[in-house]
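Protein chains in written order, with the numbering used here: chain P, 17 to 249; chain A, 3 to 82.
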């Protein structure tokens, strides 16, 4: 049975159509947009919170978007153990909403960084990465000014103990180095899950790495892994 | 009517790259007596409240609910 994907649209989202295209036309999944004013989410198997500059990134990235009516529904959805994936600004919204631990600071060099990077799969225990082997290196673009992941010492310990670090920035061979950690993220963290593993947030953009024409198809590998897991579930 | 003046800064334990860059520029200008520079945000709220204490409480609630992300920021409220 085809799984239904919902892509949330906030004022200022700008990766919503890329994400929709990736799911609908590349992955051939049944996909629809979810308007930020919707209060109920029915008949959806996976929620995608796309990137962009929701509410102009005013105050802090994601700080205003988390009070949208749809976010209450997203919280309920996640609370039932159903899958939610936040990409870039979507990740920042999930952090501000308290669905994921930590925060994102300005990149260490204070610049907006837009380029292809490599991320290494740190664990494949969550439903998002179960089809990828641990240590797999994926190439996809980043595009953010505030992606410098931060959490306090206790929080980092808890992330490690609960196997919540999904991706780290690496070089093409999968080595974790200071050079590869371009934005200064604590422990090179590029993506984290919640304790239950049904909510994932990541700064890189898999939806922009779906077709050869665009330089990488590793994003499609990642989404294929998710859709396969959802079909089995 | 009370005015709440709120200073929001990155937590002391967090490197403030903006502050660091500005600090370096101040050093380059010869202002070497300045030993550290941290940059934050300033928020001013006009609050209808019966007394100073309740104005403070309302400002504090605004900080906790929206204005401040306590994962990375500290804040100070001054009521006038």
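Just so you know, even glycine gets a beta-carbon here, dropped at the ideal spot from N, CA and C.
Just so we're clear, the structure is a prediction, and the values are computed from it rather than from any experiment.
Query: Simplified DSSP assignment, three categories, for residue 234 (chain P); Result: helix
Query: 7 angstroms Cβ cutoff, residue 173 (chain P) in contact with chain A; Result: no
Query: Residue 220 (chain P) versus residue 175 (chain P) - alpha carbon distance; Result: 19 angstroms
Query: Option nearest residue 91 (chain P) by Cα separation, candidates P:34, P:79, P:114; Result: P:114
Query: Ranges of the beta strand (DSSP E) found wholly within the region 40-65 of chain A, counting only runs of at least 3; Result: 43-49
Query: CA-to-CA distance, residue 214 (chain P) to residue 180 (chain P), given in whole angstroms; Result: 11 angstroms
Query: Outcome for residue 102 (chain P) when other beta-carbon atoms lying within 10 angstroms are tallied against a minimum of 16; Result: buried
Query: When A:12, A:6, A:3 are compared against residue 76 (chain A), the one with the closest alpha-carbon; Result: A:12
Query: Cα-Cα separation between residue 135 (chain P) and residue 79 (chain A), rounded to whole angstroms; Result: 41 angstroms
Query: Cross-chain neighbours of residue 118 (chain P) in chain A, by beta carbon under 7 angstroms; Result: 73
Query: contact_flag[the region 94-108 of chain P, the region 124-132 of chain P] where n(CB pairs < 8 angstroms) is 3 or more; Result: no
Query: Proximity test, residue 62 (chain P) beta-carbon vs the ligand ADP heavy atom, cut-off 6 angstroms; Result: The ligand ADP is absent from the structure shown, which contains no ligand whatsoever.
Query: Interfacial residues, the region 36-53 of chain P to chain A, with Cβ spacing under 7 angstroms; Result: none
Query: First through last residue of the alpha helix (DSSP H) which encompasses residue 23 (chain A); Result: 19-30
Query: Residue(s) in a DSSP beta bridge with residue 25 (chain P); Result: P:51
Query: Members of the region 150-166 of chain P near chain A, C-beta cut-off 7 angstroms; Result: 166
Query: Through-space distance from residue 56 (chain A) to residue 50 (chain A), alpha-carbon basis; Result: 9 angstroms
Query: is_contact[residue 110 (chain P), chain A] using C-beta, thresh 7 angstroms; Result: no
Query: Distance, residue 243 (chain P) Cα to residue 69 (chain P) Cα; Result: 27 angstroms
Query: Under 9 angstroms by beta carbon: chain A residues contacting residue 13 (chain P); Result: Because chain P is modelled from 17 through 249, residue 13 (chain P) falls outside the range shown and cannot be assessed.
Query: CB of residue 241 (chain P) within 7 angstroms of CB of residue 155 (chain P), strictly; Result: no
Query: Limits of the unbroken beta strand (DSSP E) element including residue 108 (chain P); Result: It is not in any beta strand (DSSP E) - residue 108 (chain P) instead sits in the alpha helix (DSSP H) that spans 105-112.
Query: Residue 91 (chain P) at chain A interface by Cβ criterion, 7 angstroms; Result: no
Query: Neighbour flag for residue 88 (chain P) against chain A, beta carbons, 7 angstroms; Result: no
Query: Where residue 71 (chain P) falls: helix, strand or coil (DSSP); Result: helix
Query: Three-state class that DSSP yields for residue 209 (chain P) in the structure shown; Result: strand
Query: Contacts that residue 121 (chain P) makes with chain A (C-beta to C-beta distance below 9 angstroms); Result: 12, 16, 17, 18, 19, 74
Query: Residue 23 (chain P) and residue 49 (chain P) closer than 7 angstroms at C-beta; Result: yes
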